[in-house]
Structure formats: structure tokens, C-alpha cells
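A.B. asks: I have a structure here, written as C-alpha cells, and I will follow up with some questions on it.
Number of protein chains: 2
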Amino acid sequence: MSEQPAPAPVPVPAPAASPLSPALAAALKRDSAGLVAAVVQQFDTNEVLMLGWMDDEALHRTMTSGRVTFYSRSRQEYWRKGDTSGHVQWVKSVAMDCDGDALLIRVDQVGAACHTGTRTCFDGRALDVQAGAAL
Amino acid sequence: MSEQPAPAPVPVPAPAASPLSPALAAALKRDSAGLVAAVVQQFDTNEVLMLGWMDDEALHRTMTSGRVTFYSRSRQEYWRKGDTSGHVQWVKSVAMDCDGDALLIRVDQVGAACHTGTRTCFDGRALDVQAGAAL
């Protein structure tokens, strides 16, 4: 248990050349790397498939091309899901959350969402927990 | 469209006094603030309710207490969902994703998940997109 609070998040303003509408660019709350979290959900079953990261350009491409594009934090490059694997994500809808730091991307996922071959990135990766319940 | 790549993510090691098991603490990939993204999903409908942030301590509390605890990036404090609003999240299961930077917390949500009063933090917040479809 740390007694030191984490550093305050540094909201990153929209890049000067954001391809998004001014209203949307102003509403996004980016982390210190300029990214927001993108939850990807299968549109008909509601399965949570994976979580990725988007900057303004990745969100713009996702909103306008019919395919999901992420920004890879580890490789520092854009990554259109399925270009290598064939496991395309067809965009059905995109919503931004109440405070602008998360996106919900509803898709039709072709094949496995996870690079390990499982349908979702969470399959078979449950942790031991004490479940809770109302009395 | 920025021509400058975002700064490389700085993986943060487990805090010296992490309350998690050594294996779990080693598997988590924290951002520069020591946090991972936590997607919260209603266990029976699969609705995505919200996205929050957890450090090792918040995850430990969530795994052991039956209630979801987040770390608030804006307030820099722990926040047990429902303590103020009554909108408790009872933990059903927790899974970590394939690369350790996201958690899927399945819960039974009491009332509204969103502080604005909507059931989820994404309700009514759809963006205009060009949907995609396989030919």
C-alpha cells in the first residue's frame, strides 16, 4: 500500500492538427501519452473482446473507415486490427463515456480478438476473487 | 495527425509493498501513474457499465472485499463504488487480459453505474460513425 499518491494525470490538449471535430477533440480527456482507452465489444453478444488505445487520429480512422484502428503503446504505431491476422473488427458504433477518457467500440469481430487465439483477451484469465453479494 | 510519436509507455514495476501475489504483481503492466484500466461489465446482461482505473491496492481490495474499489485519477484517492451514491458494484469475477494492462470486472450493479444517473457511462453518448461491414 503506497503512501505516496500517484502523480496527477496531465490532461493533454487536442493536437493542433486533430482530425476530429473541434467539439469532440475538446471533449476527449487524453492521458500523458495523448491516448484514451477503447473497450471493444461484440455488438450482438455484448462480449468484451479486448481493450486498446486510441489517439485522435486512430479514433478518426475508426469513425470514418468502418474498421477499428488502434495506437500501439508498445510499438508506437497505428495498427488496423486484422491487417496481419485477418481478424478484422467491423465498426457498428462508437460512444464516448461521461468524462471523455474512455470509448466503447461495438464491432462485429471476425475470428479471434486476441493475438493468442482466444476469442477475447480475457478468456481463461480469471483471477481468484472473493465474490460479493447483497445480503 | 501528429508526426511525433507519443512517448514510449514507461512500464511501472510493482510497488515494493504490493498487496497482490508476487505472480500477479509481476504480470500487471501499469502506466506511468501505476494504474491499469478496469472495464466493468454487468454479469448477466454483459452491458459495459463504465471504465475506471486501479493500482495494486485498488485491485487487491476489489479481489478480497466483494466490492469494486477504483483509484481516482482526478481526485488521487481510493473510491469504493457506491459508498456515496448507494450504487454498489458487487464483484462476480475478475480477469486480467493477455498483456496485463487491462482488467475485466464482472459485477452486479445496483442502480445507475454513471454519476450522471444513466445506467452506463456510455448511454446516449454515441458518436456519428461510418459503420463497416463485410462485403
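Residue numbers (our numbering), protein chains in the order written: chain Z, 1 to 135; chain G, 1001 to 1135. Every residue gets a Cβ at the ideal spot worked out from N, C-alpha and C, and that includes glycine. This structure is a prediction, so every number in the text was calculated from the model and none was measured.
CA-CA distance, A1126/G and D1056/G?
C.D. replies: In the second sequence, the residue the question calls residue 1126/G occupies position 126. In the second sequence, the residue the question calls residue 1056/G occupies position 56. Their backbone Cα atoms lie some 32 Å apart in a straight line.
A.B. asks: Going by beta-carbon coordinates alone, are W53/Z and R73/Z separated by less than 7 Å?
C.D. replies: Working through the first sequence from its first residue, we reach residue 53/Z at position 53. Working through the first sequence from its first residue, we reach residue 73/Z at position 73. Contact: yes.
A.B. asks: So for D1108/G, helix, strand or coil by DSSP?
C.D. replies: On the second sequence, residue 1108/G is found 108 positions in, with the first residue counted as 1. Strand at D1108/G.
A.B. asks: Below 9 Å on C-beta distance, what does F70/Z contact in chain G?
C.D. replies: Taking the first residue of the first sequence as 1, we reach residue 70/Z at position 70. Chain G residues near F70/Z: none, gap ~12 Å exceeds 9 Å.
A.B. asks: Is it buried or exposed for S21/Z, if we count other Cβ within 10 angstroms and need 16 for buried?
C.D. replies: For the purposes of this step, residue 21/Z is identified with residue 21 of the first sequence, where counting begins at 1. So S21/Z counts as exposed.
A.B. asks: Using a cut-off of 7 Å between C-beta atoms, extract the partners of Q1041/G located in chain Z.
C.D. replies: As a position in the second sequence, residue 1041/G is number 41, starting the count at 1. Within chain Z, the residues near Q1041/G are V48.
A.B. asks: Tell me where the alpha helix (DSSP H) around E1057/G begins and ends.
C.D. replies: Residue numbering aside, residue 1057/G sits at position 57 when the second sequence is read from its first letter. Here the alpha helix (DSSP H) through E1057/G covers 1056 to 1065.
A.B. asks: Hey, out of E1047/G, V1048/G, A1095/G, L1035/G, whose CA is closest to Y1078/G's CA?
C.D. replies: Reading the second sequence from its first residue, position 78 is the one you call residue 1078/G. Of the candidates E1047/G, V1048/G, A1095/G, L1035/G, the one whose C-alpha sits nearest the C-alpha of Y1078/G is L1035/G.
A.B. asks: What would DSSP say about L49/Z, mapped onto helix, strand or coil?
C.D. replies: Your numbering for residue 49/Z matches position 49 in the first sequence. L49/Z: strand per DSSP, three-state reduction.
A.B. asks: Quick one, which of P1019/G, A1014/G, D1108/G has its alpha-carbon nearest T1120/G's?
C.D. replies: Translated into positions along the second sequence, residue 1120/G becomes position 120. Ranking P1019/G, A1014/G, D1108/G by Cα distance to T1120/G puts D1108/G first.
A.B. asks: What are the boundary residues of the beta strand (DSSP E) that A33/Z is part of?
C.D. replies: Residue 33/Z sits at position 33 when you count from the first residue of the first sequence. Element bounds for A33/Z: n/a, residue is neither H nor E.
A.B. asks: Check L1024/G in the structure and name its three-state DSSP category.
C.D. replies: Walking along the second sequence from the start, residue 1024/G turns up at place 24. It is helical.
A.B. asks: In the DSSP assignment, what residue or residues form a beta bridge with V1129/G?
C.D. replies: Within the second sequence, the letter at position 129 stands for residue 1129/G. DSSP, once it has assigned bridges, lists no residue as partnering V1129/G.
A.B. asks: Given A1038/G, which residues of its chain have a CB within under 6 Å of its CB, disregarding the five upstream and five downstream residues?
C.D. replies: For the purposes of this step, residue 1038/G is taken as residue 38 along the second sequence, with counting starting at 1. Taken in chain order, the residues that qualify are G1052, M1054, L1103, I1105.
A.B. asks: Nearest CA to the CA of H115/Z: which residue from C1098/G, A1033/G, F1043/G, K1081/G?
C.D. replies: Here residue 115/Z refers to the residue found at position 115 of the first sequence. Ranking C1098/G, A1033/G, F1043/G, K1081/G by Cα distance to H115/Z puts C1098/G first.
A.B. asks: Alpha carbon to alpha carbon, how far is P13/Z from A1113/G?
C.D. replies: To locate residue 13/Z, count along the first sequence from 1; it is residue 13. To locate residue 1113/G, count along the second sequence from 1; it is residue 113. When rounded, the distance between both Cα atoms is 27 Å.
A.B. asks: Taking 7 Å as the limit between beta carbons, can you name the residues of its chain near G66/Z, skipping five residues before and five after?
C.D. replies: As a first step, residue 66/Z is located in the first sequence; it is residue number 66 there, counting from the start. So the list reads W90, V91, once near-sequence residues are dropped.
A.B. asks: What are the residues that DSSP puts in a beta bridge with S1072/G?
C.D. replies: Locating residue 1072/G in the second sequence gives position 72, counting from the first residue. Answer is E1077/G, bridged to S1072/G.
A.B. asks: Quick one: which chain G residues come within Cβ less than 8 Å of L28/Z?
C.D. replies: For the purposes of this step, residue 28/Z is taken as the residue at position 28 of the first sequence. Here the premise fails: no neighbours, minimum Cβ distance about 11 Å.
A.B. asks: Which bits of chain Z does T1084/G rub up against, with CB to CB less than 8 Å?
C.D. replies: Here the question's residue 1084/G lines up with position 84 in the second sequence. Result: empty, since nearest Cβ-Cβ is about 16 Å, beyond 8 Å.
A.B. asks: Distance, Cα to Cα, T1062/G vs T1069/G?
C.D. replies: For the purposes of this step, residue 1062/G is taken as residue 62 along the second sequence, with counting starting at 1. For the purposes of this step, residue 1069/G is taken as residue 69 along the second sequence, with counting starting at 1. Distance between the alpha carbons of T1062/G and T1069/G is about 5 Å.
A.B. asks: Secondary structure at V88/Z, three-state DSSP: helix, strand or coil?
C.D. replies: Taking the first sequence and counting its residues from 1, the one referred to as residue 88/Z is at position 88. Residue state, collapsed to three classes: coil.
A.B. asks: If you reduce the DSSP assignment to three classes, tell me which class L1018/G lands in.
C.D. replies: The sequence position of residue 1018/G within the second sequence is 18, counting from 1. The sequence shown places Ser at residue 1018/G, rather than the Leu named in the question. Three-state DSSP puts S1018/G in coil, outside helix and strand.
A.B. asks: Under 8 Å by Cβ, that's how I've got P19/Z and H60/Z pegged, so tell me the actual separation to the nearest angstrom.
C.D. replies: As a first step, residue 19/Z must be located in the first sequence, where it is residue number 19. As a first step, residue 60/Z must be located in the first sequence, where it is residue number 60. Their Cβ separation, rounded to whole angstroms, is 4 Å, which keeps P19/Z and H60/Z in contact under 8 Å.
A.B. asks: So what's A38/Z in DSSP terms, helix, strand or just coil?
C.D. replies: Along the first sequence, read from residue 1 onward, the residue named residue 38/Z stands at position 38. Residue state, collapsed to three classes: strand.
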